[in-house]
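Structure record follows, encoded as structure tokens.
There are 2 protein chains.
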Amino acid sequence: MDLLIKNAKVLTMNESMDIIENGSITVRDDKIYYVSKEGVVPPDFSSANTIDAKGKLVMPGLINTHTHAAMSLLRNYADDMPLEKWLFEKMFPTEDKFTGEDVYWGAMLSIVEMIRTGTTTFADMYFFMEEVARAVEETGIRANLSRGLQCFDEQFDAETDKRLNEAKELFNNWNGKADGRIRVYLGPHSIYTCVPDYLREAANLAKELGTGIHIHLLETQKEAKDSIRNFGCTGVEHCLKLGVFDVPVIAAHCVHLSDNDLEILVKKKVSAAHNPGSNLKLGSGIARLPEMLSKGLNVCLGTDGAASNNNLDMFEEIRLSGLISKGFHLNPTLIDANEAVRMAVSNGAKALGIQDEVGVIRAGMKADLMIVDTNRVNYIPKNNVVSALAYSSNSLDVETVIVNGKVLMEGGQLKTIDEEKVIYQVEKRVKQLSGK
Amino acid sequence: MDLLIKNAKVLTMNESMDIIENGSITVRDDKIYYVSKEGVVPPDFSSANTIDAKGKLVMPGLINTHTHAAMSLLRNYADDMPLEKWLFEKMFPTEDKFTGEDVYWGAMLSIVEMIRTGTTTFADMYFFMEEVARAVEETGIRANLSRGLQCFDEQFDAETDKRLNEAKELFNNWNGKADGRIRVYLGPHSIYTCVPDYLREAANLAKELGTGIHIHLLETQKEAKDSIRNFGCTGVEHCLKLGVFDVPVIAAHCVHLSDNDLEILVKKKVSAAHNPGSNLKLGSGIARLPEMLSKGLNVCLGTDGAASNNNLDMFEEIRLSGLISKGFHLNPTLIDANEAVRMAVSNGAKALGIQDEVGVIRAGMKADLMIVDTNRVNYIPKNNVVSALAYSSNSLDVETVIVNGKVLMEGGQLKTIDEEKVIYQVEKRVKQLSGK
Chain C
7 MDLLIKNAKV LTMNESMDII ENGSITVRDD KIYYVSKEGV VPPDFSSANT IDAKGKLVMP
67 GLINTHTHAA MSLLRNYADD MPLEKWLFEK MFPTEDKFTG EDVYWGAMLS IVEMIRTGTT
127 TFADMYFFME EVARAVEETG IRANLSRGLQ CFDEQFDAET DKRLNEAKEL FNNWNGKADG
187 RIRVYLGPHS IYTCVPDYLR EAANLAKELG TGIHIHLLET QKEAKDSIRN FGCTGVEHCL
247 KLGVFDVPVI AAHCVHLSDN DLEILVKKKV SAAHNPGSNL KLGSGIARLP EMLSKGLNVC
307 LGTDGAASNN NLDMFEEIRL SGLISKGFHL NPTLIDANEA VRMAVSNGAK ALGIQDEVGV
367 IRAGMKADLM IVDTNRVNYI PKNNVVSALA YSSNSLDVET VIVNGKVLME GGQLKTIDEE
427 KVIYQVEKRV KQLSGK
Chain V
7 MDLLIKNAKV LTMNESMDII ENGSITVRDD KIYYVSKEGV VPPDFSSANT IDAKGKLVMP
67 GLINTHTHAA MSLLRNYADD MPLEKWLFEK MFPTEDKFTG EDVYWGAMLS IVEMIRTGTT
127 TFADMYFFME EVARAVEETG IRANLSRGLQ CFDEQFDAET DKRLNEAKEL FNNWNGKADG
187 RIRVYLGPHS IYTCVPDYLR EAANLAKELG TGIHIHLLET QKEAKDSIRN FGCTGVEHCL
247 KLGVFDVPVI AAHCVHLSDN DLEILVKKKV SAAHNPGSNL KLGSGIARLP EMLSKGLNVC
307 LGTDGAASNN NLDMFEEIRL SGLISKGFHL NPTLIDANEA VRMAVSNGAK ALGIQDEVGV
367 IRAGMKADLM IVDTNRVNYI PKNNVVSALA YSSNSLDVET VIVNGKVLME GGQLKTIDEE
427 KVIYQVEKRV KQLSGK
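Residue numbers (our numbering), protein chains in the order written: chain C, 7 to 442; chain V, 7 to 442.
Written out as structure tokens, the structure is:
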């Protein structure tokens with residue numbers, strides 16, 4: 007069914023951040039068919055399903071480039087504690103008990119939250135990823151999925167390694183599936199959970215499959231110090247040597263970069279997924295965002311998992327990325343509203359290699375859109391709408407979300423998910439997991 | 007009309023942060039009449055107006071201890087620019103054109119936003135404060151109001167000074183009015199906009215009237231340096247000498263405190279209104295929050311005006327105050343969820359000298375309450391509800407707000423304000439102000 011969105015303010019998110027007043031967008035199948043500057047509608051769309059967006063904003067959906075969706079099962083479960091205690095006493099023991107069905111429902115819970123708050127694509131690293139793929143297929147959201155890979159054994163055998171094989175299988179089963187909404191990357195967890203040969207093997211496999219890598223990199227000061235001690239070089243240099251950067255890479259966090267690290271990442275066209283909420287909450291530190299951007303690094307945004315955030319609200323990450331550097335460097339001109347919003351959209355699309363499909367409103371692009379109700383009080387008076395997005399918006403102002411041409415939420419009503427059932431299943435499973 | 011809220015999870019915000027499961031709260035006139043732990047309702051309330059809060063959270067409303075409500079007229083108008091340019095080229099020239107009616111409608115816009123996001127009391131410093139008082143009286147919110155005082159003239163005459171007289175008049179006309187919802191403080195703007203004798207005069211007047219002072223203090227590094235150069239002492243020492251701290255004081259910002267400053271503030275029982283969003287956005291810096299709290303300073307939260315935030319969302323300030331110190335000091339145990347939430351409620355009540363009236367759910371207290379819909383996906387699974395408030399909540403999850411026993415919003419519907427009219431008036435006035 008064709009779709010027409012009319013009377014909208016359209017934030018195209020093109021290079022020059024053009025805004026179309028009183029624009030119309032027509033959607034046919036999975037694509038944007040036509041964008042009108044004059045309120046003109048192509049004649050064959052006159053009977054299309056119509057959304058009147060008067061006074062509202064239409065823009066590309068947000069792209070969450072680093073999360074662990076199923077960890078919403080652990081939301082508000084362990085907070086304000088030292089990182090090691092959080093990880094080894096709280097996260098790992100509970101995650102060990104997760105079944106595939108638990109991961110499925112955790113992913114569903116997160117997908118509900120992401121759609122409600124305007125996220126149309128997410129990059130996920132976890133286990134039981136076939137279950138996450140199933141949730142993505144059913145719900146209509148777009149995703150980049152990777153099976154988290156870990157190996158502490160220097161004598162592992164790449165041929166028989168269970169996780170590498172699962173990753174390969176995930177790629178073969180799901181890459182390009184769900185109407186092209188799913189891409190599969192490899193997910194070597196980090197330099198401290200993968201022995202060097204294993205990391206090299208993961209990089210080789212990515213090359214062989216013609217795909218990319220999603221990895222945690224230099225999240226904490228400890229990781230940075232340990233890398234120097236264990237490998238005699240920085241974590242970035244270590245990855246460079248092992249061939250990790252010879253494929254497209256989403257490097258999550260990148261908080262503790264040296265100048266040379268920064269140069270390497272730029273040169274190798276690595277994308278850094280900045281997770282300000284998680285980095286603050288876990289006490290990981292404050293990334294060198296102004297320098298990362300000014301050196302030309304592609305910095306995108308992520309929420310990380312809901313166990314360390316504790317939500318999947320990309321508006322918050324936009325806000326934080328816009329604010330923190332200003333206060334930290336005593337300079338209110340750093341990271342302007344345009345840059346903050348671009349990180350959550352255009353840079354995210356580029357990071358996932360889908361910049362020719364999504365991230366801009368233009369005829370021929372996939373229709374991944376959201377409508378924000380900018381008639382609400384926090385957008386009044388209607389001054390700069392990009393400033394509003396960065397500084398005064400609320401994620402629950404998102405009222406309609408479209409992915410791949412399909413309406414996933416309209417006027418706050420989810421169209422592809424039985425939210426009550428998801429909540430029921432999650433609460434039941436969490437009770438079982440906690441042994442109640 | 008009596009009011010009964012039943013089936014609620016009640017976060018009392020008492021000293022031990024007690025939570026009552028399946029609690030009932032009855033409200034008679036302006037007060038909490040009875041809080042039940044067992045779902046028992048006093049017999050004479052059986053026919054009361056009833057709100058079923060099943061699965062939801064009831065807690066005291068939030069207290070915004072530093073804002074300039076009418077500055078919402080300047081929301082998203084000037085961002086990402088140097089402070090001096092923002093202030094002298096953008097803020098002051100527009101504010102100079104404001105009429106009393108403009109300030110009234112700007113305050114109304116902010117009150118809509120505050121009620122919608124769970125704020126039940128705000129402390130405001132601005133001009134045309136009689137208009138703000140009128141907005142407070144009409145809308146039913148609670149407020150601490152102060153006429154901003156400035157004087158650069160060392161030869162001023164306290165008897166005839168226009169602003170001091172306006173402040174006195176505001177006190178005489180409005181202190182204790184609107185069913186006791188309004189208190190009036192004096193508002194000497196800052197040490198850099200009030201010559202020393204004027205600041206002393208304001209302090210004397212506060213003593214004479216038996217009221218308190220609301221002042222900006224050590225917001226920027228420049229202010230801290232200038233104080234040393236101009237007065238030969240820190241801004242805090244300067245205020246101490248002039249008698250400013252001899253009355254109850256809300257000192258907004260307190261970003262650049264010396265160790266000695268901190269001791270003085272604690273000793274003089276000054277309350278520091280921490281405004282993390284504004285301090286970040288204007289590049290003012292990062293306050294020494296962990297030390298301020300551990301030394302026993304009463305730190306409360308504020309949004310500052312919407313021209314520098316750019317919203318009045320206290321949930322964001324709770325989140326920021328919980329997150330920033332952790333990341334800045336690489337320590338995830340700093341400022342836990344309880345502390346962050348207490349700053350926005352209990353510490354705020356203490357800062358405004360109304361801790362015996364609001365900030366705790368207990369029989370006999372004024373009924374200033376909010377109901378948060380914790381059935382929403384971002385509270386699932388239902389683990390620690392205080393962590394949820396601090397880290398995963400959204401201000402638009404607030405669905406019902408009660409002030410002084412009167413329902414101001416129920417199920418997202420405002421009961422005392424014609425929101426459309428407010429938005430219409432604001433947009434009309436902003437167009438006129440910008441000469442369109």
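We put the beta carbon where it would ideally sit given N, CA and C, even for glycine.
Contacting residues, own chain, Cβ-Cβ under 7 angstroms from residue i (five flanking each side not counted)
| i | result |
| --- | --- |
| H244(C) | I197, S233 and F237 |
| P66(V) | M19, V351, V364, G365, V366, I367, D374 and L375 |
| G311(V) | T73, H74 and M77 |
| G359(V) | G218 and P254 |
| D6(V) | The requested residue 6(V) does not occur in the structure, where chain V is confined to residues 7 to 442. |
Short Cβ contact (8 angstroms threshold) for residue i with residue j
| i | j | result |
| --- | --- | --- |
| N281(V) | G241(V) | no |
| G333(C) | S290(V) | yes |
| P194(V) | L155(V) | yes |
| A209(C) | G182(C) | no |
| L68(C) | T105(C) | no |
| E225(V) | G283(V) | no |
| V109(V) | E425(C) | no |
| E27(C) | P387(V) | no |
| S398(C) | R81(V) | yes |
| G411(V) | D36(V) | yes |
| A149(C) | I256(C) | no |
| S204(V) | C157(V) | Checking the displayed sequence, the identity of residue 204(V) turns out to be Tyr instead of Ser. Cβ distance < 8 angstroms, so Y204(V) and C157(V) count as in contact. |
| A113(C) | E137(C) | yes |
| L176(V) | L151(V) | yes |
| S331(V) | L288(V) | no |
| M415(V) | R122(V) | yes |
| R325(C) | W111(C) | no |
Contact set for residue i: own chain, Cβ-Cβ below 6 angstroms, skip 5 residues either direction
| i | result |
| --- | --- |
| C306(V) | T71, S277, A279, M349, N353, G354 and A357 |
| E328(C) | The sequence given here has Gly at residue 328(C), not Glu. These residues qualify, in order along the chain: I341, A346 and A396. |
| S116(V) | A75, S78 and L318 |
| W448(V) | One cannot answer for residue 448(V) here, as it falls past the ends of chain V, which runs 7 to 442. |
| V378(V) | L63, D403 and V404 |
| K103(V) | L439 |
Distance, residue j Cα to residue i Cα
| i | j | result |
| --- | --- | --- |
| E269(V) | K301(V) | 8 angstroms |
| T32(C) | D342(C) | 31 angstroms |
| M131(C) | V347(V) | 32 angstroms |
| I147(V) | W180(V) | 14 angstroms |
| M23(V) | V391(V) | 11 angstroms |
| T199(C) | L336(C) | 37 angstroms |
| D362(V) | Q227(V) | 36 angstroms |
| E101(V) | D265(C) | 45 angstroms |
| V64(V) | I408(V) | 11 angstroms |
| L246(C) | P49(C) | 54 angstroms |
| V47(V) | R153(V) | 44 angstroms |
| L17(C) | T406(V) | 33 angstroms |
Nonlocal neighbours in the same chain, by C-beta distance under 8 angstroms from residue i, ignoring five residues either side
| i | result |
| --- | --- |
| M7(V) | A54 and N55 |
Heavy atom of the ligand SAM within 7 angstroms of residue i beta-carbon
| i | result |
| --- | --- |
| S401(V) | As for the ligand SAM, it is missing from this structure, which has no ligand bound. |
Inset, instruction - Return the residues of the segment 76–90 of chain V that lie within a Cβ-Cβ distance of less than 9 angstroms from chain C, sorted by chain order. - result: S78, L79, L80, R81, N82, Y83, A84, D85, D86, M87, P88 and L89
Legend entry - Members of the segment 282–306 of chain V near chain C, C-beta cut-off 9 angstroms: Here the close residues are P282, G283, N285, L286, K287, L288, G289, S290, G291 and I292.
Inset, instruction - Can you check the segment 103–166 of chain V for any alpha helix (DSSP H) of at least 4 residues that lies completely inside it and give the ranges in chain order? - result: Listed in chain order, the complete alpha helix (DSSP H) runs (minimum 4 residues) inside the segment 103–166 of chain V are 106–122 and 135–145.
Inset, instruction - With a floor of 4 residues, list each alpha helix (DSSP H) that falls wholly inside the segment 175–261 of chain V, ordered by position along the chain. - result: Taking 4 residues as the shortest admissible run, the segment 175–261 of chain V contains the following complete alpha helix (DSSP H) segments, listed from N- to C-terminal end: 183–186, 202–215, 227–237 and 241–247.
Legend entry - Length at least 4, wholly inside the segment 284–349 of chain C: the alpha helix (DSSP H) runs in chain order: 295–300 and 320–334
Inset, instruction - Report the residues of the segment 219–235 of chain V with a CB closer than 7 angstroms to any CB of chain C, ordered along the chain. - result: Q227
Inset, instruction - Could you tell me which uninterrupted beta strand (DSSP E) segments, each at least 3 residues in length, are contained entirely in the segment 29–107 of chain V, listed from first to last along the chain? - result: Counting only runs of 3+ residues, the beta strand (DSSP E) found wholly inside the segment 29–107 of chain V occupies 37–42, 55–58, 63–66 and 68–73, in chain order.
Inset, instruction - Report the residues of the segment 87–117 of chain C with a CB closer than 8 angstroms to any CB of chain V, ordered along the chain. - result: M87, P88, L89, W92 and L115
Legend entry - Positions along the segment 412–430 of chain C whose CB lies within less than 9 angstroms of some CB in chain V: E425, V428 and I429
Legend entry - Contact residues within the segment 148–176 of chain C, judged by C-beta distance below 7 angstroms to chain V: none
Legend entry - Within 8 angstroms of chain V by C-beta, residues of the segment 329–340 of chain C in sequence order: L329, I330, K332, G333, F334, H335, L336, N337, P338, T339 and L340
Legend entry - Contact residues within the segment 119–153 of chain V, judged by C-beta distance below 8 angstroms to chain C: E119 and R122
Legend entry - beta strand (DSSP E) runs wholly inside the segment 381–431 of chain V, at least 3 long, in chain order: 404–409 and 412–416
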